[in-house]
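In order, the protein sequence lines correspond to chains A and B. Oh and the first sequence: position 148 is 148 in the UniProt record's numbering, straight run, nothing missing. Oh and the second sequence: position 104 is 104 in the UniProt record's numbering, straight run, nothing missing. Where is the CB? At the ideal position from N, CA and C, for every residue including glycine.
There are 2 protein chains.
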Amino acid sequence: MDIVEQLTRALPGIVRTDAASLEACRTDRSGHLSSGRPLALIEARSIEDVQTVCRLATATATPVVSRGAGTGLSGGGIAGSGEIVLSTVNMTAILEVSVANQLAVVQPGIFNGDLNRALDEHGMWWAPDPASKEISTVGGNIAMNAGGLLCAKYGVTREAVLALKVVLADGRLISVGHRTVKGVTGYDLCALMIGSEGTLGIIVEATLKLRPLVAGSVSTIAAYLDSVDTGAGIAAKISAAGLQPALMELLDARSLEFLGNYTGQDLRARGNAYLLIQCDGAAAQAEAAAMMEIIHATGAKAESTTDEETANQWVEVRRQVFPSLEAAGTLLVEDVAVPRDAMTAMFDKVAQVEDKYGLMIPTSAHAGDGNLHPSFVFQGAEVPEEIWEAAGELFTYALELGGTLTGEHGIGLLKKRWLGDELGETQLLLQRQIKAVFDPDGLLNPGKVLDPLGQGGPAH
Amino acid sequence: MDIVEQLTRALPGIVRTDAASLEACRTDRSGHLSSGRPLALIEARSIEDVQTVCRLATATATPVVSRGAGTGLSGGGIAGSGEIVLSTVNMTAILEVSVANQLAVVQPGIFNGDLNRALDEHGMWWAPDPASKEISTVGGNIAMNAGGLLCAKYGVTREAVLALKVVLADGRLISVGHRTVKGVTGYDLCALMIGSEGTLGIIVEATLKLRPLVAGSVSTIAAYLDSVDTGAGIAAKISAAGLQPALMELLDARSLEFLGNYTGQDLRARGNAYLLIQCDGAAAQAEAAAMMEIIHATGAKAESTTDEETANQWVEVRRQVFPSLEAAGTLLVEDVAVPRDAMTAMFDKVAQVEDKYGLMIPTSAHAGDGNLHPSFVFQGAEVPEEIWEAAGELFTYALELGGTLTGEHGIGLLKKRWLGDELGETQLLLQRQIKAVFDPDGLLNPGKVLDPLGQGGPAH
Numbered sequence: 001m002d003i004v005e006q007l008t009r010a011l012p013g014i015v016r017t018d019a020a021s022l023e024a025c026r027t028d029r030s031g032h033l034s035s036g037r038p039l040a041l042i043e044a045r046s047i048e049d050v051q052t053v054c055r056l057a058t059a060t061a062t063p064v065v066s067r068g069a070g071t072g073l074s075g076g077g078i079a080g081s082g083e084i085v086l087s088t089v090n091m092t093a094i095l096e097v098s099v100a101n102q103l104a105v106v107q108p109g110i111f112n113g114d115l116n117r118a119l120d121e122h123g124m125w126w127a128p129d130p131a132s133k134e135i136s137t138v139g140g141n142i143a144m145n146a147g148g149l150l151c152a153k154y155g156v157t158r159e160a161v162l163a164l165k166v167v168l169a170d171g172r173l174i175s176v177g178h179r180t181v182k183g184v185t186g187y188d189l190c191a192l193m194i195g196s197e198g199t200l201g202i203i204v205e206a207t208l209k210l211r212p213l214v215a216g217s218v219s220t221i222a223a224y225l226d227s228v229d230t231g232a233g234i235a236a237k238i239s240a241a242g243l244q245p246a247l248m249e250l251l252d253a254r255s256l257e258f259l260g261n262y263t264g265q266d267l268r269a270r271g272n273a274y275l276l277i278q279c280d281g282a283a284a285q286a287e288a289a290a291m292m293e294i295i296h297a298t299g300a301k302a303e304s305t306t307d308e309e310t311a312n313q314w315v316e317v318r319r320q321v322f323p324s325l326e327a328a329g330t331l332l333v334e335d336v337a338v339p340r341d342a343m344t345a346m347f348d349k350v351a352q353v354e355d356k357y358g359l360m361i362p363t364s365a366h367a368g369d370g371n372l373h374p375s376f377v378f379q380g381a382e383v384p385e386e387i388w389e390a391a392g393e394l395f396t397y398a399l400e401l402g403g404t405l406t407g408e409h410g411i412g413l414l415k416k417r418w419l420g421d422e423l424g425e426t427q428l429l430l431q432r433q434i435k436a437v438f439d440p441d442g443l444l445n446p447g448k449v450l451d452p453l454g455q456g457g458p459a460h
Numbered sequence: 001m002d003i004v005e006q007l008t009r010a011l012p013g014i015v016r017t018d019a020a021s022l023e024a025c026r027t028d029r030s031g032h033l034s035s036g037r038p039l040a041l042i043e044a045r046s047i048e049d050v051q052t053v054c055r056l057a058t059a060t061a062t063p064v065v066s067r068g069a070g071t072g073l074s075g076g077g078i079a080g081s082g083e084i085v086l087s088t089v090n091m092t093a094i095l096e097v098s099v100a101n102q103l104a105v106v107q108p109g110i111f112n113g114d115l116n117r118a119l120d121e122h123g124m125w126w127a128p129d130p131a132s133k134e135i136s137t138v139g140g141n142i143a144m145n146a147g148g149l150l151c152a153k154y155g156v157t158r159e160a161v162l163a164l165k166v167v168l169a170d171g172r173l174i175s176v177g178h179r180t181v182k183g184v185t186g187y188d189l190c191a192l193m194i195g196s197e198g199t200l201g202i203i204v205e206a207t208l209k210l211r212p213l214v215a216g217s218v219s220t221i222a223a224y225l226d227s228v229d230t231g232a233g234i235a236a237k238i239s240a241a242g243l244q245p246a247l248m249e250l251l252d253a254r255s256l257e258f259l260g261n262y263t264g265q266d267l268r269a270r271g272n273a274y275l276l277i278q279c280d281g282a283a284a285q286a287e288a289a290a291m292m293e294i295i296h297a298t299g300a301k302a303e304s305t306t307d308e309e310t311a312n313q314w315v316e317v318r319r320q321v322f323p324s325l326e327a328a329g330t331l332l333v334e335d336v337a338v339p340r341d342a343m344t345a346m347f348d349k350v351a352q353v354e355d356k357y358g359l360m361i362p363t364s365a366h367a368g369d370g371n372l373h374p375s376f377v378f379q380g381a382e383v384p385e386e387i388w389e390a391a392g393e394l395f396t397y398a399l400e401l402g403g404t405l406t407g408e409h410g411i412g413l414l415k416k417r418w419l420g421d422e423l424g425e426t427q428l429l430l431q432r433q434i435k436a437v438f439d440p441d442g443l444l445n446p447g448k449v450l451d452p453l454g455q456g457g458p459a460h
């Protein structure tokens, strides 16, 4: 009996083998397409289902790609021929909300946005806010250690997860982390799982650290500036002054061009860069006033508001960037992060690489935490090698600045070739050995992030 | 040539073999004494010194115990016969403070308190604040994932470290983590190192995430209450209301008895429990007022102040707890953490165990995060087995409540026998395998936290 037959008998009704289901698993929002169609898609309903799939996969040496909503930007959830896809997207229950303990226990398939709407009535929220939050799952957010717009003030996903239940490649279930705020029992395998991109285990339940809703009104600032360097300089001054914006976003001139074409407004007439800031909490108005002073001291002009509708219009400009790029072709969103005071240098490098390769690289930045998204628009499904070369130059420079290849999108398939540049050979080998501890047969998300011991990579 | 001779030739002037130096390394603030005197103490001055020691140790199969200031409470930094001690306490330099990037790069031997005084002039601080901060090192804080009083609002050490340089058992140097706020390149080995208690590598440099100093005055609340249950109930209500005290400490009646004997004040005449709260930041006064309402609604009385001197007196009551216990005998401070709303149940269990064993177990709690310190005072150096039995009952109950053996002190030697109860056999084996990846010869801090593969523990 082949693996698909075995799965179908063991898990009747949840094993899909129709062409549409399988084709959808060949890609994600990176646009990358796997080499072939996977064998089956299993839509797990429970931890036991996931254990059953893993046991059968191990017994038959079949690779398993775990998948949430398929919104990844680095090809981490893509499945190819000979592989089975284990989806947790139907496991959407909120098992517990404890206001007293400021935590929620959830299944991995719930969408981030749906969770936050449910938490709202308890006066709580879960801080990770990737741009994809309305269409991405909590499990996927955890598997990628998702970031978003609010990280400088409210932290990344790693800081918002207390504990996980994880099914190992062979079907065994472990509980890692703690239900408590503190806990130092042994190695922090919960943190190790967060951002492991489906290569160490399948996340089947999460205990999330919640925050009380932030009280008071939000102050919003918008500024069209003469250059993105001015914007990066203002952002650096705001951070250096110890002010803590909830959100601080910066768009360059190219982004405004694409946005203008998309929305029909001549945004370039307003400036060569757009800076958007929001302050929340008890100090919001005072902090916004201090930021306006910093902006005015540079000679730039800015507007501020506490009116929600006006603020939403200003935020919408930022939200439309990626839709405007996607409307123009296939989109590759890069994701370097650099120390906050190196943002100007990174923007300058983007301009140099644009010139060298004759490309347009619209770039937006989470300016509060130095995370830039240089973006490439092209025609067709495959990223042209020239664009990878240009992106590679940006990666190398980000590393020279003390930064990283990927602030929040992960390595997946698309950045694997640069991983060793950042980690160094010794650490890369350690990481491959850790992979072998959890998944000795190399069955979980093979080919993603790093090569198993015995395949590719540096000598070992 | 034996290892001590080799070390002395390779590292002239920093290898101590005098009795006083070696005897001091046989214990820490847990009071536990190792079985014998270590071979040598090496006081490293640089990363290269640490690498040299590790290379020689690996070449001669000599165990290495890394050590900071020896303030650990679980025996994690204790060295015995046949072992060498690698101290980083002389590596105290602050290599960089970047206000713009809100980070500092430091050597591991600097004291937490000294670092924070140096950061103060930059308008920044490092949040971890173990009670030992004036006498404990940053490297030690990281090795133990130290907690302290401010964790509920400002997080534990793991949330305050961006990157580490680590020397492996064989002398190789790796850099883990990121200088940036975000970064998702491969597995999070920086988080794995934090709290690893010297068993995976030697921390030789740390890039710390700083915070801007909190502006405004601090509001302090003190209340003597009729029972510790009342205090735990108030603390739970404050958390459930979404209020965020910077510090919320609770002392039981026994603690007040010891404190009274030590300070000559009749604190028990004032109440059977003491609750201390501090609020900081822009919302401090409003939050303190809301907390006073919660307290008054229970029928209890409390005082509040924004006067610094009065506040210091109230805080001093809390600070004197452990000195008052140490004055009465040898002190074993236990360290369970439970979900916030289970604190009352945990205090009740302490009272039951007191009765059952005829012991006094003064207990203080970081009530903002559910971390309780049931404490045992006895005569002599060895913890009587009866006290371990009583402590074991508390551990078991904390686990039943969804809590942990250790909120902030670590496993070290003293809690090793209970580790498997919390982790389960599968996870314990994974942890031992991870240990083997980093330290295949089992030379780093042997016998601490977990047994190497091939020794003790469950089958593998």
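At least one CB atom of chain B sits nearer than 9 Å to the CB of LEU405 (chain A). Residues are counted here when their Cβ sits less than 8 Å from a Cβ of chain A; for the region 179-208 of chain B these are ARG179, THR180, VAL181, LYS182, GLY183, VAL184, THR185, GLY186, TYR187, ASP188, LEU189, ALA191, LEU192, ILE194, GLY195, SER196 and LEU200, given in chain order. Within chain A, the residues HIS178, THR180, VAL181, LYS182 and GLY183 have their CB atoms less than 8 Å from the CB of ALA337 (chain B), given in chain order. For ALA286 (chain B), the nearest beta carbon of chain A is closer than 9 Å to its own beta carbon.
Within the region 372-401 of chain A, no residue has its Cβ closer than 7 Å to any Cβ of chain B.
A distance below 9 Å separates the beta carbons of SER375 (chain A) and LEU331 (chain A).
Of all residues in the region 324-356 of chain B, only ALA337, VAL338, PRO339, ARG340 and ASP341 place a beta-carbon less than 7 Å from a beta-carbon of chain A.
Within 10 angstroms of the beta-carbon of ALA59 (chain A) lie fewer than 16 other beta-carbons, which makes it exposed. Contact residues of the region 130-152 of chain B toward chain A are MET144, ASN145, GLY147, CYS151 and ALA152 (C-beta to C-beta distance below 8 Å).
Within the region 436-449 of chain B, the residues whose Cβ lies closer than 9 Å to any Cβ of chain A are, in chain order, ALA436, VAL437, PHE438 and VAL449. In terms of beta-carbon proximity, ASN112 (chain B) stays away from the interface with chain A, with every pair separated by 9 Å or more.
No Cβ-Cβ contact shorter than 9 Å links MET346 (chain A) with ARG254 (chain A). Judged by their CB atoms, ILE434 (chain B) and LEU200 (chain B) are nearer to each other than the 9 Å cut-off. The Cβ of ARG158 (chain B) sits closer than 9 Å to at least one Cβ of chain A. At a cut-off of 9 Å between beta carbons, GLU121 (chain B) makes no contact with chain A. Within the same chain, ILE221, ALA222, ALA223, LEU275, MET292, ILE295 and HIS296 come within 8 Å of ALA302 (chain A) by CB-CB distance, once the 5 residues on both sides are set aside. Against chain A, the beta carbon of GLN102 (chain B) has neighbours under 7 Å at SER239, listed in chain order.
Secondary structure within the region 248-331 of chain A: the beta strand (DSSP E) runs of 3 or more consecutive residues, fully enclosed, are 273-279 and 303-305 (chain order). If only uninterrupted beta strand (DSSP E) runs of at least 3 residues are considered, those enclosed by the region 86-165 of chain B are 94-98 and 103-106.
Against chain B, the CB of MET291 (chain A) has no partner CB under 9 Å away; the residue lies outside that interface. Using a 10 angstroms sphere on the CB of PRO12 (chain B), the tally of other CB atoms stays under 16, which defines it as exposed.
For a Cβ distance threshold of 7 Å, residue set THR185 of chain A lies close to GLU422 (chain B), ordered along the chain. Within 9 Å of the CB of ASP28 (chain A), no CB atom of chain B is found; the nearest one sits about 16 Å away. With respect to VAL218 (chain B), LEU251 (chain B) sits apart: the two C-beta atoms are not nearer than 9 Å. In the three-state reduction of the DSSP assignment, ARG340 (chain A) falls in the helix class, which pools H, G and I. Rounded to whole angstroms, ASP348 (chain A) and GLY392 (chain A) show a C-alpha spacing of 16 Å. Taking CB atoms only, ILE42 (chain B) has no neighbour in chain A less than 9 Å away.
In the structure shown, the three-state DSSP call for VAL353 (chain B) is helix.
Among the residues facing chain A, ARG172 (chain B) is included, as its CB has a counterpart in that chain under 9 Å away. If you check the CB distance, SER132 (chain B) and ASN112 (chain B) come in under 9 Å. Of all residues in the region 216-250 of chain B, the ones placed with a Cβ closer than 9 Å to any Cβ belonging to chain A are GLY216, ALA236, LYS237, SER239, ALA240, ALA241, GLY242, LEU243 and GLN244, in chain order.
Rounded to whole angstroms, the separation of the alpha carbons of GLY68 (chain A) and LEU429 (chain B) is 29 Å. Within the region 355-431 of chain B, the complete beta strand (DSSP E) runs of at least 3 residues fall at 363-366 and 371-378. Three or more pairs of CB atoms, one per stretch, sit closer than 8 Å, so the region 121-128 of chain A contacts the region 96-103 of chain A.
Residue contact with chain A for GLY281 (chain B): present (Cβ-Cβ distance below 9 Å to some residue of chain A).
By the CB criterion at 9 Å, SER175 (chain B) and GLN431 (chain A) fall outside the cutoff.
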